[in-house]
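Student: Have a look at this one before I ask anything.
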Amino acid sequence: RKEVEQDPGPFNVPEGATVAFNCTYSNSASQSFFWYRQDCRKEPKLLMSVYSSGNEDGRFTAQLNRASQYISLLIRDSKLSDSATYLCVVNGMRFGAGTRLTVKP
Amino acid sequence: DTGVSQDPRHKITKRGQNVTFRCDPISEHNRLYWYRQTLGQGPEFLTYFQNEAQLEKSRLLSDRFSAERPKGSFSTLEIQRTEQGDSAMYLCASSLGGAGGLWNEQFFGPGTRLTVL
């Protein structure tokens, strides 16, 4: 089993849609969780950290479920500019394979 | 520009040659990471340093790969006797160290794209 696994995608959604990604992790002792965004042929950049109580940043909501060992990312009111690959990261260095999102007009 | 820089940006080499990549982290960051990324995959962890100490190295990393971070500043990643399977994007990132086993945001460089012919 991989340390971090993500929804395989790709996700193709219309503008304005709500889309959710999940990511599971195998190490129950994990303490730090992040979502990064990676545009085509660019380096990953932090989208948001994931806190135990869940956190929101504008249209983006991240949640952590320690009991089931997964994190999630919810994007509301999708924009064309949200098209990218979304990477979940556990304990700083364990990246998932990424989920590709394409938002269409 | 005070971000993470990597050099070279592109490297084409023949199988069997040695290559060395350099990474200059954000100056106040004490942690430095190396990753390898291939098309359609997330970054694969290779190794990381806290200051000049190499604290973890991936079990997937063969002994042809070596990394150094002398004086806790810039880092080099060397691949000896390159193979076609080494073709990938090599990413470097840096961060501040976290307290109590926590990890902070990593800032990535633009990467070095290696092509082994």
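Taken in order, these protein sequences are the chains called A and B. When you number the first sequence by the numbering used here, it's gap-free, plus one each residue, and the end is 325. When you number the second sequence by the numbering used here, it's gap-free, plus one each residue, and the end is 1180. No residue lacks a Cβ here, since even glycine has one placed at the ideal position from N, Cα and C.
1) So, is the C-beta of residue 274 of chain A closer than 7 Å to a C-beta in chain B?
2) To the nearest whole angstrom, what separates the beta carbons of residue 1164 of chain B and residue 258 of chain A, a pair I think is in contact under 8 Å?
3) What do you reckon, are the CB atoms on residue 1143 of chain B and residue 1127 of chain B nearer than 7 Å?
4) Determine the DSSP secondary structure at residue 300 of chain A, reduced to helix, strand or coil.
5) With H, G and I counted as helix, E and B as strand and the rest as coil, what does DSSP make of residue 324 of chain A?
6) Based on the DSSP output, what are the partners of residue 292 of chain A in its beta bridges?
7) If the cut is a Cβ gap below 9 Å, which residues of chain A does residue 1104 of chain B touch?
8) Which residues does DSSP list as the beta-bridge partners of residue 268 of chain A?
9) Could you have a look at residue 1133 of chain B and say whether DSSP puts it in helix, strand or coil?
10) What does residue 283 of chain A touch in chain B if you count any residue whose Cβ is under 7 Å from its own?
11) Quick check on DSSP: helix, strand or coil for residue 227 of chain A?
12) Quick one: is residue 1169 of chain B buried, meaning 16 or more other Cβ sit within 10 Å of its Cβ, or exposed?
13) If residue 1078 of chain B and residue 1177 of chain B are in contact, beta carbons under 8 Å, what's the gap, nearest whole angstrom?
14) Return the first residue and the last residue of the beta strand (DSSP E) that residue 1110 of chain B is part of.
15) Chain A partners of residue 1071 of chain B, CB-CB under 8 Å?
16) Going along chain A in order, which residues have a C-beta closer than 9 Å to the C-beta of residue 1091 of chain B?
17) Work out the CA separation of residue 315 of chain A and residue 255 of chain A for me, nearest whole Å.
18) Determine the extent of the beta strand (DSSP E) in which residue 1145 of chain B is found, giving its start and end residues.
19) So, does the CB of residue 228 of chain A fall closer than 7 Å to a CB anywhere in chain B?
20) Can you tell me whether DSSP reads residue 1149 of chain B as helix, strand or coil?
21) So that I know if they touch, is there some Cβ in chain B lying closer than 7 Å to that of residue 307 of chain A?
22) To the nearest angstrom, how far is it from the Cα of residue 1146 of chain B to the Cα of residue 1124 of chain B?
23) Starting from the Cα of residue 1156 of chain B, find the closest Cα among B:1138, B:1112 and B:1095 and give me that residue.
24) Using a Cβ-Cβ cut-off of 8 Å (strictly less than) and excluding sequence neighbours within five positions of residue 239 of chain A, which residues of its own chain qualify?
Tutor: Looking at the coordinates:
1) no
2) 26 Å between Cβ atoms; not a contact.
3) yes
4) helix
5) strand
6) A:242 and A:283
7) 315, 317 and 318
8) A:255
9) helix
10) The contacting residues do not exist; residue 283 of chain A stays about 18 Å from chain B at best.
11) coil
12) buried
13) Between residue 1177 of chain B and residue 1078 of chain B the Cβ distance is about 12 Å, and since that is not below 8 Å, they are no contact.
14) 1107 to 1113
15) Within chain A, no residue comes near residue 1071 of chain B; the closest Cβ sits about 15 Å away, beyond 8 Å.
16) By Cβ distance, chain A contributes nothing, its closest Cβ being about 17 Å from residue 1091 of chain B, past 9 Å.
17) 9 Å
18) No beta strand (DSSP E) contains residue 1145 of chain B, which DSSP labels as neither H nor E.
19) no
20) helix
21) yes
22) 13 Å
23) B:1095
24) 231, 233, 294, 295, 298 and 321
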